[in-house]
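These notes concern the structure reproduced below.
Protein chains: 2
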Amino acid sequence: MNPFELIKTSPFSKARLGKLTTDHGVIHTPIFMPVGTAASVKGVSPRDLEELKAEIILANTYHLYLRPGTSLIAKAGGIHRFMNWNHPVLTDSGGFQVWSLKELRKIKENGVEFRSHLDGSKHFFSPESVMKAQREIGADIIMAFDECTPFPSTEKEAEHSLNYTLRWTESAMKYLAENPPLHPYRQFFFGIIQGGMHIPLRKRAIEAIKELNPDGYALGGLSVGEPAELMYKIADACTDTLPKDRARYVMGVGTPWNLLELIGRGIDMFDCVMPTRNARNGMLFTSEGVLRYKGGRYSQMFDRAPDPNCNCYTCRNFSIAYLRHLHHSKEILAFTLASIHNLHFYLNLMQQAKDHLAADTFEPWAKEQIVRLQQEVCGDEGS
Amino acid sequence: MNPFELIKTSPFSKARLGKLTTDHGVIHTPIFMPVGTAASVKGVSPRDLEELKAEIILANTYHLYLRPGTSLIAKAGGIHRFMNWNHPVLTDSGGFQVWSLKELRKIKENGVEFRSHLDGSKHFFSPESVMKAQREIGADIIMAFDECTPFPSTEKEAEHSLNYTLRWTESAMKYLAENPPLHPYRQFFFGIIQGGMHIPLRKRAIEAIKELNPDGYALGGLSVGEPAELMYKIADACTDTLPKDRARYVMGVGTPWNLLELIGRGIDMFDCVMPTRNARNGMLFTSEGVLRYKGGRYSQMFDRAPDPNCNCYTCRNFSIAYLRHLHHSKEILAFTLASIHNLHFYLNLMQQAKDHLAADTFEPWAKEQIVRLQQEVCGDEGS
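Line by line, the protein sequences give chains A and B.
Numbering follows the working numbering, with no gaps: position 342 of the first sequence is 342.
Numbering follows the working numbering, with no gaps: position 235 of the second sequence is 1235.
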């Protein structure tokens, strides 16, 4: 079943407008999904997320599996009820997380053995067990269990890991076909395209996954250390071959300018911890570029919002001097206010992208934004 | 100038209804003041505080003096503008904080030398410097610089520290008379009554402070380790002698039942870190008693609000199972949601007290609540 409807492709690029319909609501693409690792977007309440007009959030199967346990979420009636978020949710498969554990995991033919980063306990993820976990969590969109390819990797290494992913995707879809959702709404399944930085392998992956006819397609194994230009090139090559009528999602990417570059290459969906994590570390994305609000030069800017052009709760109500004070005082409110701003920035950027796509003005706007948003706002004069 | 108006005294006890008018708004007593140590109530935004109907918050001169510095807050136009809280604020004098530093402070005739808990740097607070700091911060109510009496203490020790406080209060008021507010609104000054657990000393302190005619009266040196009954007894003796037409504030107290006991003895104002600090540590105050929400028995209570009788944002929207999960996952949202609940509980309790005082039903209601609120809700079965 295809939840995606392609509304429009730009006459000047591969950028697209679309919508994706789930039983918890409609998602308008291009879209950014705030990351709620453990069924909470860090520092931000569901009410804040609604005010930010977030249409969908992402949660991590690996983290929820370890704590509180996916069977517990099943008993709660699924993640929407558990966390009081009555809008769409996507869960990743945990593939990327267990791959990131490096020393703590061992890849086997039928899955990955790993140790919990919390308590060192031993666990095993198979394509089937991960589908079961995602059935229990009950997200609207669930992801294939994949084997991520490191960067750099030889063609042989990339092919080896790609082959795992293809076999595991088949196993996952078989499991899903035989085991309907546990909750009374649909769960769409997205396949994941691996293949490292090797375009022929990426193409082979797409052809193989197409055969399985998933509900949507994700590009995995990007933003793993390669130069941004190479990421764009791989994504560009992939969208040449991906079916036009299905949603395309690049996992774990990225900066605001990464998103605009990838939208221009035909990508519809994104998620990244960057807006919330960087907010907690003192970095804001603003209309004038990147701003490191811990800097001493901001300590007396009482009349300046963090982003004077921004309409979020934080920028409407607080000065950069106060935000800086909160951060230096390790006040929780610093994390909340900065996260609200950065999420607003990402979500608003996606809304602007949609507006420009509708008006056929996306490309010149995006080009200008890509330069502007990477600037450093003032210098950080220390504190 | 007396900002307080006594509206009513209960026909059955010393409990009072009153109002205190500041240039940032009217405060209805009995009142609880959430603590915003560093110009932020931990984990809670000004918007949340307004929704909670907090009428006044407290901030700490000691903390603001160290970070961001009181002269910086003066430049911001005062604490209200600095933190975007356009309602009344009270600042303590820092007397209690430097007294608490113990090994890091040395009491001298004209003030206290202390080392910062942040970086060990050396500082000196005098009655005058603390008034200057509070002029800069710009709270609506500012407090005398006092020397707190430890518990237990001999009469001689208590008298020694009382004498400091009396001299320092005189110096503080002299400073205030000679140095008008820096911000364009009034700042009311409350004297602090010390005297340890020695009623004759407390009475002497009251008589001496009365001579100085401050705008209101606070009882300091309570809740420093003495049994609750002794605290009640001291407060009771003090309110027998304090002027009836002035506000009475017990500093740093306490549990919900402490507040009800003290209201019954004629106290009008309270502040305490307990609702927010305990929230972060996993303890909720509820209509059925104290609830330690980290307990394993709550892990699957998906349909139970933390307090089923509560109407706060947290209880309206989230289960105790989810709150427990957030706490165990160290999610910031746990602190925010639990703090919102506990503050709502305190503020709502004060509203109920006012309603019962208006209806002449305060005493039987309070008596029942005092028993009920101290109960433990369920046992904590560990986790």
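Glycine included, C-beta positions come from ideal geometry on N, C-alpha and C.
Asked	Found
Proximity test, Cβ basis, 7 Å: P68(A) and chain B	yes
Euclidean distance between Cα positions of K1330(B) and G1282(B)	11 Å
Distance between K1203(B) and G1252(B) (C-alpha atoms, nearest Å)	21 Å
Listed by chain order, chain A residues near G1077(B) by CB distance under 8 Å	F302
Alpha carbon of T1009(B) to alpha carbon of K1053(B), nearest angstrom	24 Å
Beta-carbon proximity check, P1306(B) vs L1284(B), cutoff 7 Å	yes
Whether G221(A) touches C272(A) by CB criterion (7 Å)	no
Residues that S329(A) contacts on chain B, provided the C-beta gap is smaller than 9 Å	T1037, A1038, A1039, S1040, H1063, R1067 and P1068
Interface residues of chain A facing G1043(B) [CB-CB closer than 9 Å]	E331, I332, L333 and T336
Residues near M1131(B) in its chain [Cβ-Cβ closer than 6 Å; skip 5 each side]	A1172, Y1175 and L1176
Selected residue, minimal CA-CA separation from R1105(B), among S1126(B), R1265(B), P1243(B) and N1179(B)	S1126(B)
Contact the stretch 1286-1306 of chain B vs the stretch 1316-1326 of chain B: 3+ CB pairs below 8 Å	yes
Under 7 Å between C-beta atoms of G95(A) and D140(A)	no
Y1293(B): contacting residues in chain A (beta-carbon distance under 8 Å)	What Y1293(B) touches in chain A: nothing, since even the nearest Cβ is about 14 Å away.
Identity of the residue in P200(A), T169(A) and R135(A) nearest N179(A) by Cα	R135(A)
Closest by C-alpha distance to G1043(B), when choosing among S1339(B), T1239(B) and I1263(B)	S1339(B)
Selection of the stretch 179-208 of chain A by Cβ proximity to chain B, strictly under 9 Å	none
Whether I57(A) touches F1335(B) by CB criterion (7 Å)	no
Reference P1011(B); option with closest CA among R1372(B), G1264(B) and H1344(B)	G1264(B)
Interface residues of the stretch 1310-1326 of chain B facing chain A [CB-CB below 9 Å]	Y1313, N1317, F1318, S1319, A1321, Y1322, R1324, H1325 and L1326
Coarse secondary structure for A1247(B), derived from DSSP in three states	strand
C-beta contact flag for K1219(B) and I1193(B) at 7 Å	The sequence given here has Leu at residue 1219(B), not Lys. Yes, they are a contact pair.
Backbone secondary structure at P1264(B) - three-state DSSP	Residue 1264(B) is actually Gly in this sequence, not Pro. If DSSP states are grouped into helix, strand and coil, G1264(B) belongs with the helices.
Among R1067(B), N1163(B) and V1250(B), the one whose alpha carbon lies nearest that of E1207(B)	N1163(B)
Residue ranges of each alpha helix (DSSP H) within the stretch 1265-1289 of chain B, 4 or longer	1274-1280
Outcome for K122(A) when other beta-carbon atoms lying within 10 angstroms are tallied against a minimum of 16	exposed
Residue-level contact to chain B via CB, G379(A), 7 Å cutoff	Reliability fails at G379(A), whose pLDDT of 49 lies under 50, so the model's placement of it is uncertain and the value that follows must be treated cautiously. Not one chain B Cβ lies under 7 Å of G379(A).
Cβ contact check for the stretch 362-374 of chain A and the stretch 1363-1375 of chain B: 3 or more pairs under 8 Å	no
Within chain A, the residues that N1084(B) reaches when beta carbons sit closer than 9 Å	N317, F318, S319 and Y322
Expected contact under 8 Å - CB spacing of A235(A) and F190(A) to nearest Å	About 15 Å; that fails the 8 Å criterion.
Of the residues T21(A), D245(A), W365(A) and T255(A), the one placed nearest H87(A), counting alpha carbons only	T21(A)
Sequence-distant residues of its chain with Cβ nearer than 7 Å to A1228(B) (five each side left out)	N1258
Cβ pair T61(A), A133(A) closer than 7 Å	yes
Close-in-space but distant-in-sequence residues of the same chain around F1302(B) (CB under 8 Å, 5 per side omitted)	S1319, A1321 and Y1322
Three-way DSSP call (helix, strand, coil) for M1197(B) in this model	coil
Three-way DSSP call (helix, strand, coil) for R186(A) in this model	coil
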